[in-house]
Amino acid sequence: MDYHHDEGIWSKYSRSKAGNVLHAVEYARRAGSKRIIGMSLNPGNFVTNLQQSMPQLQLAMFKLISHPPNNGVYTELFAGLHPSIMEENNGGWVAPFGKLEPVRKDLLDISLCRKYWEWCETQVTPYM
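As structure tokens, this is what we get:
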């Protein structure tokens, strides 16, 4: 991921979502022995002020697949509090609105997860 190379907003957004999954998988590997469960969450699509600069046609289409913002907390509450979340879900993915989904196989690659984690550490180190 190189934010100095402009590949378009949606490509960057998609890469950031994949990165979120890679982080969850790697965090699960690193913290799993401490019985800490790390998961990647997709809260869903919500109409908020984040879409204020979207072109009108795109916004109209987005509204068709979106939900009110007050529904946005359900996924996080499920992941943090639901008794069905167990150690075997560590590194997993929670979809809207509290549905456990399998992680894509290509995002479970231990080497890729480790490299991405280390790359992220390199990126933030100058700011710490």
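If you read the sequence shown in the working numbering, its first letter stands for residue 1271, the second for the next number, and so on.
Glycine is no exception: its CB is placed at the ideal position from the N, C-alpha and C atoms.
As assigned by DSSP and simplified to three states, the class of residue i
| i | result |
| --- | --- |
| Ser1310 | strand |
| His1352 | coil |
| His1293 | helix |
| Val1343 | helix |
Proximity to residue i [Cα-Cα], best of the options
| i | options | result |
| --- | --- | --- |
| Leu1351 | Tyr1283, Pro1339 and Met1309 | Met1309 |
| Met1331 | Asp1376, Val1343 and Val1317 | Val1317 |
| Lys1369 | Leu1378, Ile1355 and His1274 | Ile1355 |
| Pro1339 | Lys1375, Leu1347, Pro1353 and Asn1319 | Asn1319 |
| Thr1345 | Asp1276, Glu1371, Lys1282 and Cys1390 | Glu1371 |
| Tyr1386 | Gly1278, Asp1276, Ser1286 and His1275 | Ser1286 |
Host alpha helix (DSSP H) of residue i (start-end)
| i | result |
| --- | --- |
| Val1394 | Ile1380 to Val1394 |
6 Å Cβ shell around residue i - same chain, five flanking residues per side excluded
| i | result |
| --- | --- |
| Tyr1225 | An answer regarding residue 1225 cannot be provided, because it is not within the stretch 1271 to 1398 covered by the chain. |
Enclosing beta strand (DSSP E) for residue i [first to last residue]
| i | result |
| --- | --- |
| Met1333 | For the record, residue 1333 in the displayed sequence is Lys; it is not Met. That residue, Lys1333, is in no beta strand (DSSP E); its alpha helix (DSSP H) goes Gln1326 to Leu1334. |
| Glu1357 | Careful: Glu1357 lies outside any beta strand (DSSP E) and carries neither H nor E. |
Neighbourhood of residue i by C-beta distance below 7 Å, restricted to the same chain and skipping five residues each side
| i | result |
| --- | --- |
| Ala1288 | Leu1377 |
| Leu1311 | Thr1345, Glu1346, Ala1349 and Val1364 |
Cut-off 8 Å between Cβ atoms - residues of its own chain near residue i, not counting five sequence neighbours on either side
| i | result |
| --- | --- |
| Leu1329 | Gln1321 |
**Message:** Would the stretch 1321-1336 count as touching the stretch 1291-1309 if we require 3 or more Cβ pairs under 8 Å?
**Reply:** Proximity of the stretch 1321-1336 to the stretch 1291-1309 falls short of the contact definition, fewer than three beta-carbon pairs being nearer than 8 Å.
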